[in-house]
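The opening position of the sequence shown corresponds to residue -11 in this note's numbering, with each subsequent residue numbered one higher.
Glycine included, every Cβ here is placed at the ideal spot set by N, Cα and C.
Values in this document were obtained by computation on a predicted structure and should not be read as measured data.
Step one of this worksheet: look at the structure below.
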Amino acid sequence: SMVNVADKAVTKRAATAAGTLVLPPSVAAELRRHVEKTAAAGEAVDATAALASWQSKKGPIVSTCIVAATMAVKATSSTIPFCHPLPIEGCTVESDVGADFESIEFRVKVTTTHKTGVEMEALHGASIAALTAYDMLKGIEGAQPGLRVQDVRLLEKTGGKSDIAAHGR
């Protein structure tokens, strides 16, 4: 059942979570080609910056993942049965390309001022960002079965009685 938070104090709260989409060789090769194509002649390749403009047949990958994660954060109490509905005051989504283009990590930070924390919202957002990228990339030849979501985890939580310090990525 739902925890009764009636007697808890209202505090500023934040949580950051991450989720990783592992890319099989065929998808990693597509991402590598895109990154190399977007790099200016003679300049260092910034894979994370290039990721922002990567498109699949379904559309822009990262911007779609940002929208999906934000929608998921706001809908958490509708999909996780005993999660309290919370006023979301802030939600940011960041993404990074792993070494050798083998993965994409999504990090979601959520903030609120309320009686309960937002770690479930952050975890839900990170999960849905990675699942959305999976959906957008699964059509690349050779993507399945190697494409997989893994390592969804809470990185940091503040504002409650049991804060969790920032963990490494």
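Can you give the beta carbon distance from residue i to residue j, rounded, assuming they're within the 8 Å contact cut?
i	j	result
G130	S14	3 Å
L135	A110	Rounded, the Cβ-Cβ distance is 23 Å, inconsistent with contact.
Can you look up residue i in the DSSP assignment and give me helix, strand or coil?
i	result
G105	coil
I68	coil
I76	coil
S152	The sequence shown places Ile at residue 152, not Ser. Note: I152 maps to strand in three-state DSSP.
L142	strand
E18	helix
G7	strand
D84	strand
A35	helix
K0	strand
V96	strand
P13	helix
V61	helix
Short of 8 Å in beta carbon distance, which residues of its chain neighbour residue i, apart from the five on each side in sequence? Order them along the chain.
i	result
G127	S44, K45 and K46
Closer than 8 Å, CB to CB, is residue i near chain C or not?
i	result
A35	Absent from the structure: chain C. Only one protein chain is present.
Here's a check: name, in chain order, each residue in its chain whose Cβ is nearer than 7 Å to the Cβ of residue i, leaving out the five neighbours to either side.
i	result
T100	R1, L74, P75, I76, E77 and V106
K145	A3, G105, E107, D151 and I152
For residue i, list the residues DSSP reports as bridge partners.
i	result
S91	V10
Q43	P48
V137	L9
Leaving out five residues on either side along the sequence, give the residues of the same chain with a beta carbon under 6 Å from the beta carbon of residue i.
i	result
W42	H22 and I49
Checklist entry - Do the stretch 8 to 22 and the stretch 111 to 128 meet, that is, are 3 or more Cβ pairs less than 8 Å apart? => result yes
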